[in-house]
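Heads up, the thing below is written out as structure tokens.
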Amino acid sequence: MTWTDRYLAAVLRSIPASKRADVERELRSSITDAIDERVGAGEDPTSAERAVLEGLGDPAKLAAGYTGRPTYLISPELLPLWWRYLTRVLFVAVPLAAVVIGGLEFIGSGAQSWAIGAAINVAIQTTFWLTAFFVFLDWAAPARQARAEIVAAAGKWTLERLPKVSDGRITVGETAGEIVTVLITIGILVFAATLTTTTESGEAVPLLAPGFKTVWLPILVVTIAIRGIDHARAYLAGRWTRWLAVYHALVHTAFGLLLVTLALSGWIVNPAFGEAIGLPGLADGHGPVMLTLAVGTILATGWEVVRIFLRVRRRDDAAPRLDASTQSV
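Take any residue in the sequence shown, count from 1 to its spot, add 10: that is its number in my numbering.
The following block contains the structure:
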């Protein structure tokens, strides 16, 4: 695929489907004419193509001009910088907050920490204030000089910043990663079923409640295994179809609802285990541990369902395939 094809794909992803064909035809013609003019003047074709495309600038800005919707909270010039800094700060701040705040609470009170709540709060605060800072740079007159310096420091836009164009197919590595995750999850559950502690009298006390271990644990394991089969089916189909995504969402939701119900009902951990290790509230369905497990399960389940449907939507709403005659591999 040529640089021109990748540039067009980056522009068209932000163009409404009804306008993509016209925009592609018009923009490709303009690019081709500009390249031919440079080549006719004696310039190397590769250098001419690079010069023309980099002269057009960031595809996001160009797409905004075609759609006639230049209204934005953060301008296309600063948006890539905002996203770059936000992801880097969140990657460091959120895990650090969970460890530090959770550790301090545990040391201070001996109770189970609300690490997830602290991490979510840090993520929200970081996103809000960093976004507010970039909006200030965009809209406040006193910040114009700082904005210009930040954009200049980020460097001139080049072709190397173009996003890679994906055909939407599921890769072997992606499928293998999902299946390995499923196997690890099953392994953790099976391992948890073997954990025990001993009382002062030497009696062994299992971690899991007897009813959970004999009835609900096998059901959860089977449900997780079905999720792995779903990923294998999606790979064989080449993509996530709508019906396969719906089926996967139902399986994932059933697993999430079951685990949340068991956690909030206090049916997962053996109460005697918590008492034996000095944490009598460990098995309590309204205690911090089970509530954290329930909230984490809800968030993880919701994200997985949304992620798969977004995958289907991106596939269905993908930009029209570029003319094969103009592509090169």
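From the three backbone atoms N, C-alpha and C, an ideal C-beta is built for every residue, glycine too. Bear in mind the structure is a predicted one, so any value in this text is a computation, not a measurement.
If you measure between the beta carbons of residue i and residue j, is that distance less than 8 Å?
i, j, result
"threonine 233", "alanine 264", "yes"
"valine 104", "valine 132", "yes"
"proline 220", "phenylalanine 283", "no"
"alanine 293", "proline 281", "yes"
"valine 279", "leucine 218", "yes"
"leucine 172", "arginine 30", "no"
"serine 275", "glycine 295", "yes"
"glutamate 314", "glycine 238", "no"
"arginine 252", "valine 322", "yes"
"leucine 230", "leucine 268", "yes"
"leucine 199", "leucine 227", "yes"
Just verifying my parser: in three-state terms, what is the DSSP assignment at residue i?
i, result
"proline 216", "strand"
"threonine 209", "coil"
"threonine 263", "helix"
"threonine 81", "Residue placement at threonine 81 is poorly supported in this model, since its pLDDT is 44, which falls under 50; the coordinates still yield a value, given next. Coil at threonine 81, not helix or strand."
Taking the alpha-carbon positions, what's the residue i to residue j distance?
i, j, result
"tyrosine 95", "alanine 70", "18 Å"
"aspartate 240", "alanine 304", "24 Å"
"lysine 223", "threonine 311", "22 Å"
"alanine 235", "glycine 197", "11 Å"
"leucine 260", "leucine 18", "37 Å"
"tyrosine 245", "isoleucine 318", "13 Å"
"serine 28", "alanine 142", "34 Å"
"threonine 97", "phenylalanine 144", "14 Å"
"aspartate 68", "leucine 169", "9 Å"
"glycine 266", "tyrosine 257", "14 Å"
"glutamate 184", "glutamate 53", "42 Å"
"serine 123", "isoleucine 134", "Residue placement at serine 123 is flagged as unreliable, the pLDDT there being 47, under the threshold of 50; a coordinate-derived value is accordingly withheld."
"phenylalanine 138", "alanine 44", "43 Å"
"leucine 320", "serine 211", "55 Å"
"phenylalanine 201", "leucine 106", "28 Å"
"tryptophan 93", "alanine 255", "29 Å"
"serine 418", "aspartate 46", "Here the chain comprises residues numbered 11 to 339, so residue 418 is not present and cannot be evaluated."
"tryptophan 277", "alanine 203", "14 Å"
Can you say whether residue i is buried or exposed, counting buried as having 16 or more other CB atoms within 10 angstroms of its CB?
i, result
"alanine 20", "buried"
"valine 62", "buried"
"glutamate 213", "exposed"
"leucine 37", "buried"
"leucine 9", "Residue 9 is absent from the model: the chain starts at 11 and stops at 339."
"glutamate 59", "buried"
"methionine 11", "exposed"
"glycine 65", "exposed"
"alanine 192", "The residue you asked about is not alanine; residue 192 is valine in the sequence shown. The residue is buried, with at least 16 neighbouring Cβ atoms inside 10 Å."
"alanine 129", "buried"
"threonine 208", "exposed"
"arginine 182", "The question names arginine, but residue 182 in the sequence shown is valine. So valine 182 counts as exposed."
"valine 225", "exposed"
"valine 190", "exposed"
"glycine 120", "Below a pLDDT of 50, predicted positions are generally treated as unreliable, and glycine 120, at 46, falls in that range; no measurement from the model is reported."
For residue i, which residues of its own chain have a beta-carbon under 6 Å away from its beta-carbon, when the five flanking residues on both sides are left out?
i, result
"threonine 42", "none"
"glycine 291", "Gly297"
Near residue i, what residues of its chain come up, given a Cβ to Cβ distance below 7 Å and the 5 sequence neighbours on each side ignored?
i, result
"valine 316", "none"
"valine 99", "Thr136, Leu140"
"isoleucine 25", "Val33, Ala73, Tyr76, Thr77"
"leucine 22", "Arg30, Val33, Glu34, Ala329"
"arginine 179", "Gly248, Arg249"
"valine 49", "Pro55, Ala58"
"alanine 286", "Thr207, Thr209, Val215"
"threonine 195", "Ile234"
Less than 8 Å between CB atoms is the rule here; does residue i satisfy it with respect to chain D?
i, result
"leucine 106", "Of the chains in the structure shown, none is chain D; there is only one protein chain."
Excluding sequence positions up to five away, which residues of its chain have a Cβ less than 8 Å from the Cβ of residue i?
i, result
"tryptophan 13", "Glu59, Arg60, Leu63, Leu169, Leu172"
"histidine 262", "Arg237, Thr311, Glu314, Val315"
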